[in-house]
Structure formats: C-alpha cells, structure tokens
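In full-length UniProt numbering, the protein residues as written are 1 to 300.
A virtual CB, placed ideally from N, CA and C, is assigned to each residue, including glycine.
One structure is given below, encoded as structure tokens.
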Ligand SMILES: C[S@@+](CC[C@H](N)C(=O)[O-])C[C@H]1O[C@@H](n2cnc3c(N)ncnc32)[C@H](O)[C@@H]1O
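Structure follows, in structure tokens:
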C-alpha cells in the first residue's frame with residue numbers, strides 16, 4: 001500500500017509509515033476498527049497530545065508502547081482517541097418509534113408473564129442512545145421502572161462511559177428532543193440554565209459497562225432489543241460480519257435488532273431476518289429458546 005509522505009510537524013512529532021501501519025494493525029485486531037491511509041492525518045492529530053502527555057518522546061516510541069500492550073492505560077487512551085464517539089439524543093429517530101410500536105407490546109407481555117427483559121445499547125458512546133431508549137420505553141409503558149427490565153449500555157471507550165454514568169448533558173434543543181420526551185427524560189441541574197440531568201428512574205433502568213466487541217462477551221442475553229448503530233461503519237466487512245453474527249446469537253427470537261442507517265447486514269444474516277423498518281430487523285424464525293427467566297435477578 002502506498003502511503004502519504006510522513007506527516008510531519010516538528011522532529012519527533014512525525015508519524016512514520018511503519019508507526020501508522022503498526023497502530024492500524026493494532027486497532028484492527030483489538031477493536032475491529034479499520035484505519036485506511038485516508039485516516040492517517042486524523043490518527044496523527046488525535047494521538048499527538050497523548051504522545052506529548054506520556055513523555056515517551058516521539059510517535060514511534062508511543063506507538064510501540066501502545067502496541068506492545070505494556071501499558072494498559074495507554075492502550076485505553078489510544079483506543080479512546082481513535083474511536084469516533086459522535087452521538088445525540090433521538091438519533092435516527094424513527095428507530096425509537098418502531099421500538100415503541102413494534103417491540104414494547106411484546107415486552108409488556110413478557111413482563112406480565114413474569115419474564116425478565118433485557119435491552120442492549122451496544123456501542124452507546126456517552127449515553128444519549130440508551131437514555132433515549134429508556135425514555136421511549138417509559139413513554140410507551142410508564143410502569144416499566146417497576147418491572148424486571150434493564151438496559152445494558154456498553155462501549156469500549158472509558159471516557160465516554162464515564163459521561164454516560166454521569167448522565168448530565170447540555171440541554172438539547174426541542175428540535176431534537178420534543179418537549180414531551182424532554183419532560184420524561186430530564187430534570188434541571190441546580191444552578192445551571194443550560195445543563196440537564198437524566199431523571200433517576202431512567203438512570204436506574206440503564207446499566208453502563210465496558211465491553212469490547214472483540215473480546216469475549218460477558219453477556220448472553222437474550223435481548224428483546226439491540227441497538228448497535230454507527231459503530232460497525234468504522235469496521236471492515238470481516239469485523240462487521242463477526243459483530244452482526246454475535247449480536248444475532250444473543251437476540252431474543254421475538255426481539256429486534258437496530259443498526260445504523262448507513263450500515264448493512266451481511267447477505268447471509270440478512271436472509272435470516274425480516275426487515276421491519278429502515279435498518280430494523282426481526283429474526284425470521286424462532287431461534288434457540290431464550291434462557292429461562294429469573295425473576296428478581298436484576299443483573300444484566
Ligand atoms: C459513533 S458512536 C455511536 C454511538 C451511538 N450508538 C449512536 O449511534 O449515536 C460509535 C461508538 O462505538 C464504539 N466502539 C468502537 N469500536 C468498538 C468495539 N470494538 N467495541 C465496543 N464499542 C466500540 C466507540 O467507542 C463509539 O463510542
């Protein structure tokens with residue numbers, strides 16, 4: 001592969017061909033994220049401050065430190081810097097309408113039958129997606145917080161996970177979150193005009209955890225809903241296929257999988273799903289029986 005000339009600022013701040021290839025291979029193996037030559041300048045600018053902060057001296061040494069795995073902290077910093085965390089409340093809003101209309105009735109039935117219900121916001125970034133999901137659930141089924149239902153919210157980036165746990169945000173405009181949904185979702189932050197906090201009953205529905213799709217998953221489902229949106233878009237087709245197949249395995253037979261508007265399932269998997277709306281899928285036939293319900297088990 002022909003690369004651009006070395007991206008240089010000052011001596012010692014250069015990203016050499018070999019360092020770029022090393023970090024790209026590391027990211028592909030550890031996270032599934034594919035960094036092609038077009039992303040080289042972005043890699044340089046996103047890692048620059050970590051090179052300086054770490055005090056190792058130059059890019060080559062920093063990338064050796066990360067890829068050798070000798071510093072778990074630097075691995076986290078580098079992965080955090082090289083992931084794209086863009087998100088917002090009510091993103092790809094029709095998915096939440098489909099969820100309320102097509103999934104919530106089955107969830108209500110399952111809860112009334114004494115089953116536990118688990119939903120998953122996989123690659124949740126700073127939490128806007130799982131809290132929108134929680135608010136949609138409560139709008140459609142206000143008694144939800146009194147039942148055995150939880151939303152697991154996971155991501156690989158510890159910095160955004162901390163923001164998700166804090167659950168405090170700049171007040172979103174009503175063009176993004178309707179006044180009706182905002183009343184369900186937010187309370188004011190004392191002393192601040194422009195910041196809001198997610199209300200406690202919604203926060204309590206959401207469990208925030210670290211999870212890398214390419215490590216063994218400490219979850220087995222079945223999940224009545226999985227939102228996995230706008231993470232696979234940064235991966236190559238092989239990594240995407242592994243991710244989609246993993247999600248399909250933990251999806252409840254009557255559950256629904258939502259993927260990002262610009263993402264695509266593999267043709268093999270696509271054949272096993274019926275499309276319910278834009279990039280919203282249901283398994284065509286019942287798969288393996290869901291794990292027996294454990295009442296009062298609040299774990300995820
Ligand atoms: C663009 S955000 C999407 C957030 C949200 N799902 C949405 O659609 O608004 C992509 C997220 O995927 C996460 N991510 C990337 N690779 C991952 C991996 N291997 N395992 C878990 N999360 C990953 C990133 O840290 C980032 O927060």
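TODO: For residue 192, verify whether its CB is less than 6 angstroms away from any heavy atom of ligand 1.
DONE: no
Task: residue 58 to residue 214 span [Cα, whole Å] - done: 29 angstroms
- [ ] Assign residue 7 to one of three DSSP states: helix, strand, or coil.
- [x] Any reading at residue 7 must be qualified, since the residue scores a pLDDT of 49, below 50, and its modelled position is unreliable; the value itself is stated next. Residue state, collapsed to three classes: strand.
Task: residue 212 Cβ short of 6 angstroms to ligand 1 heavy atom set - done: yes
Open item on the list: Could you check whether the Cβ of residue 84 sits closer than 6 angstroms to any heavy atom belonging to ligand 1?
Closed with: yes
Open item on the list: Can you give me the C-alpha to C-alpha distance between residue 204 and residue 19, rounded to a whole angstrom?
Closed with: 43 angstroms
Open item on the list: When you measure from the CB of residue 129 to every non-hydrogen atom of ligand 1, does any distance come out below 6 angstroms?
Closed with: yes
TODO: Determine the DSSP secondary structure at residue 155, reduced to helix, strand or coil.
DONE: strand
Open item on the list: According to DSSP, is residue 39 part of a helix, a strand, or is it coil?
Closed with: helix
Open item on the list: So, under 8 angstroms CB-CB, residue 93 and residue 127 are touching, yes? Tell me the CB distance rounded to an integer number of Å.
Closed with: Contact flag wrong, Cβ pair sits at about 17 angstroms.
Task: DSSP bridge partner residues for residue 197 (one or two, in chain order) - done: 168 and 187
- [ ] Compare the beta carbon distance of residue 96 and residue 136 with 7 angstroms and say whether it is the shorter of the two.
- [x] yes
Task: Where the beta strand (DSSP E) containing residue 251 begins and where it ends - done: 251-259
TODO: Over the uninterrupted beta strand (DSSP E) stretch that includes residue 65, give me the two end residues.
DONE: Careful: residue 65 lies outside any beta strand (DSSP E), inside the alpha helix (DSSP H) at 59-68.
Open item on the list: At a threshold of 6 angstroms, does residue 91 count as lining ligand 1 (C-beta to nearest heavy atom)?
Closed with: yes
TODO: Buried or exposed for residue 270, please, with buried defined as at least 16 other CB atoms from any protein chain shown within 10 angstroms of its CB.
DONE: exposed
Open item on the list: Whole angstroms are fine: how far does the CA of residue 65 sit from the CA of residue 56?
Closed with: 9 angstroms
Task: Span of the beta strand (DSSP E) around residue 223 - done: 223-228
- [ ] Assign residue 114 to buried or exposed, taking buried as 16 or more other Cβ atoms, counted over all protein chains shown, within 10 Å of its Cβ.
- [x] exposed
- [ ] Counting only runs of 3+ residues fully inside the segment 52-125, write out the beta strand (DSSP E) ranges in chain order.
- [x] 117-122
- [ ] Note down the Cα distance separating residue 147 from residue 257, rounded to an integer number of angstroms.
- [x] 22 angstroms
Open item on the list: For a quick check, are the C-beta atoms of residue 231 and residue 123 less than 7 angstroms apart?
Closed with: yes
Open item on the list: Is residue 160 a contact residue of ligand 1, with contact defined as CB to any heavy atom under 6 angstroms?
Closed with: yes
- [ ] Give every residue of the same chain whose Cβ lies closer than 6 angstroms to the Cβ of residue 208, excluding the five residues on either side of it in the sequence, and list them in chain order.
- [x] 153, 161, 164 and 165
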